[in-house]
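Read through the structure below, which is laid out as structure tokens, and then see the notes.
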Amino acid sequence: MLQFKTGGNAYISINSSTSQASTQSSFDLPPPWTAEFYVWMVDAEEEILSLHKSSLKLMEVVAVHTRENAQWQAKSDNCKKKLKELKRKRKRKTNDKTQGTHLSGEELANAAKELAEDFNNAENGLLETRKEIALAQGWIEINILEAKRILDADMADEEAKQALLSAIVDQTARFLNERMLLVQLLPEADRSQLSGLEAWARQLRPGRPTKEDKAERQRKAAEQNNRLKKRSEFQSQLEALDPDDPESQRLQRRYECEIAKVDAKLSSVSESKPTQLLERCGRHIIASSAKNVISLVAGSKGEISFYRPSGTKAAREVNFQVRLERNRWNHVVFSAGARELSLFLNGELKTIRSGVFDLPMSRVGTKEKTESFQGLIQEIRYWNESRSIQQIQQSAASILHVAKCKTLVGYWTFEEGMGDLVDDMSLKLPISSCFDTNWVLYDTPEVRKHFGVPPTPSLRDQTCCLVNQKLKLLAQRARDRELDLVPCRQLCEQVVAYRDLERHHRVECVHRLVVCKEVGCEATYRSSNEAEHMRTKCERHLLRDELVRRHHEKRQLVECVLNCPERVQRRFMTRHCHQECVNRLVKCPWEDCGDTVLATMLTRHLERECRSETKETREKMVDNGRRRLREKEEMDTRG
């Protein structure tokens, strides 16, 4: 499919044969004819941001040309002042010396000539800047009001609307940071308005008119239409002039003069609205030529309209009072008979309008800046017959066999996928050039998911039966489904690919059911509750934790209960208190003493306090033995 870029500058120039190109009118197909368009409108958010950004650029144009207009006005006033001074000098007498130097006639003529040139330049500058300002202000009004209409009509979600308004504020801030000239030229009050779409639209939207205002507006509209018809007639005659005709130059000057007069009268009845804006043919133009235009969005309500030449007696704009939906494929069909034009939308007859309508075949889209279709086109079909609703419904979702369709005059499937040229499969218009377009292929799951099932099958599948086409489509949808990101059904707040969803549920999800790993427990619980289960419910785990706790508790170093300076493991505390602690109580080793003392005091007790008679007798015996031993040693020494 072919994407017409956002901004409205994309179009396809339909090339015809040499015989058809001999006259401009040959591009328009007279009744009967049928035109089918499979279109997808650009997203509302994207179009609103594009319109707002375009309006910001136009505001810069207004600010710059307003400054230039003031400069030209100052030059014009200065020229007028100097011209008055020259006129006063011309009236002075030669012998009047009190009034200054007298200028000769030649000097006055030269000065007046220079002033006239400067004055003409200033007036031309004023005229050009006023035109540019009026044109830019007119486009700003159109863009902002259209953006507000899209916001109200196509965006029902309040969250999306608020997100879009925030994006507009951010876009305005970025634009002003990049365009410091606009910040300097625009007052603070006007700059603050740029970021508020609704406030900007309220300022541009006129108030509720009275009955007199409505009558005056109707009168001006009728006069505008008459002037536009005359202008179109003169423009057609000007384009039809033969360069080889000796009278062509005179006629050209005459027609240009008449067009200028009509433009002047138009400006007087259109509140200085530029002719470009008076002759515009809506937005999202899907087909156009020099005379006829089909617009998918036109008027204050954004409805489908058909525009015919202004010089015809019939109405220039024919509104079908039908709006296209966004975020879906629309099958738009125009079927023209000898005296009427029928509009079919998605297989249903919507509106019938009387009149003679020619199918514009010069371009798909339009060369008018910002007015061309924006979105994607899947397929276009042109027929030189008025097809019935049964024929339209029968072939709407099928491949056309060109050999069997004798009345088919244009058939574009946009399956080239690359390059700037598209082929007409009917072989009537072999090559057409694309401008400012992009190719979008159904080769990624994201594209297929966003745009859904193509409204028409691929021309490459024309040899396949319908069953195989359906199976191929279902297989592709199944493959895409495998790659879709879906939320976990167990509410774990994870988003996973559909093909990995089962594994996620069984292996990865924190809310999956698992079996307790403790031998003998056999309880089931959610993986996220494992810690709680182990801490409060699993008896095996609790028992093991208790044993571990006891094990570590026994090996914990604690202070001695008898207040000795040593720290010992809890498991050795009893032995320490009974056998090792210096503050333990011990009995005197002499049984006949019977005293109990601290281990640290035992030596002192034995030396000073022990009441054992046995100990005393033994000590005396030892003393006596030592005494006799010393005496013997002394006797031996003397002898």
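In this note's numbering, the protein residues as written are 227 to 865. Note that the Cβ used here is the ideal one computed from N, Cα and C, for glycine as well.
- In this structure, the alpha-carbon of Leu-402 lies about 31 Å from that of Ala-524.
- By the 16-neighbour rule on beta-carbons within 10 angstroms, Ile-238 is buried.
- A contact between stretches requires three or more CB pairs, one per stretch, nearer than 8 Å, and the stretch 600 to 619 fails this requirement with the stretch 365 to 380.
- Ala-393: member of the alpha helix (DSSP H) spanning 384 to 404, first to last residue.
- Under DSSP, Trp-816 forms no beta bridge with any residue.
- The continuous stretches of alpha helix (DSSP H) do not include His-627, and DSSP gives it neither H nor E.
- Contact between Arg-770 and Val-784 fails: their C-beta atoms lie close to 24 Å from each other, not under 8 Å.
- Taking a contact as a CB-CB distance under 8 Å, the pair Arg-674 and Asp-706 counts as one, their CB atoms being some 5 Å apart.
- With respect to the C-alpha of Thr-689, the residue from Leu-255, Gln-702, Ile-625, Arg-844 having the closest C-alpha is Ile-625.
- Note that the C-beta distance between Phe-230 and Ile-240 is not below 9 Å.
- By alpha-carbon distance to Ala-300, the top candidate from Tyr-264, Asn-347, Asp-269 is Asn-347.
- Assignment of Tyr-637 by DSSP, reduced to helix, strand and coil, places it in the strand class.
- For Gly-234, the closest alpha carbon among the candidates Thr-596, Glu-404, Phe-560, Arg-852 is that of Thr-596.
- If you look at Thr-592, you'll find it isn't in any beta strand (DSSP E); DSSP assigns it neither H nor E.
- Under the three-state reduction of DSSP, Asn-755 is assigned to helix.
- Shown here, Pro-671 sits in a helix according to DSSP, grouped into three states.
- The beta carbon of Lys-387 is closer than 8 Å to those of Leu-377, Met-381 in its chain, skipping five residues each way along the sequence.
- Straight-line spacing of the CA atoms in Phe-583 and Lys-517 works out to 11 Å.
- Listed in chain order, the non-local C-beta contacts of Val-395 below 6 Å within the same chain comprise Ser-421, local neighbours out to five positions each way being set aside.
- Looking at the DSSP output, Phe-560 shares a beta bridge with Ala-261, Leu-569.
- Positions of the beta strand (DSSP E) runs, each at least 3 residues long and wholly inside the stretch 819 to 854, are given as 822 to 824 in order along the chain.
- According to the DSSP assignment, Asn-694 belongs to no beta strand (DSSP E) but to the alpha helix (DSSP H) extending over 692 to 709.
- Taking the C-beta atoms as reference points, Phe-263 is found no nearer than 9 Å to His-676.
- In chain order, Thr-260, Ser-561 place their CB closer than 6 Å to the CB of Arg-613, counting only its own chain and leaving out the 5 sequence neighbours on each side.
- In the DSSP annotation of this structure, the continuous segment of the alpha helix (DSSP H) that includes Asp-771 starts and ends at 765 to 780.
- Excluding five sequence positions before and after Ala-623, the CB atoms of its chain that fall closer than 8 Å to its own CB belong to Pro-681, Thr-682, Pro-683, given in chain order.
- The Cβ-Cβ distance between Val-635 and Leu-228 does not fall below 9 Å.
- DSSP links Met-267 through a beta bridge to Gly-601.
- The C-alpha of Gly-508 is placed about 32 Å away from the C-alpha of Leu-411.
- With a cut-off of 8 Å on Cβ pairs, the stretch 792 to 810 is in contact with the stretch 763 to 783, counting three or more such pairs.
- The C-alpha of Ala-342 lies about 52 Å from the C-alpha of Ser-658.
- Burial check for Arg-607: the Cβ neighbour count within 10 Å reaches 16 or more, so the residue is buried.
- In this structure, DSSP gives Ala-360 a helical state, which the three-state scheme calls helix.
- Asn-347 is not bridged by DSSP to any residue.
- As a beta-bridge residue in DSSP terms, Arg-509 pairs with Val-523.
- The Cβ atoms of His-767 and Glu-748 lie no closer than 9 Å to each other.
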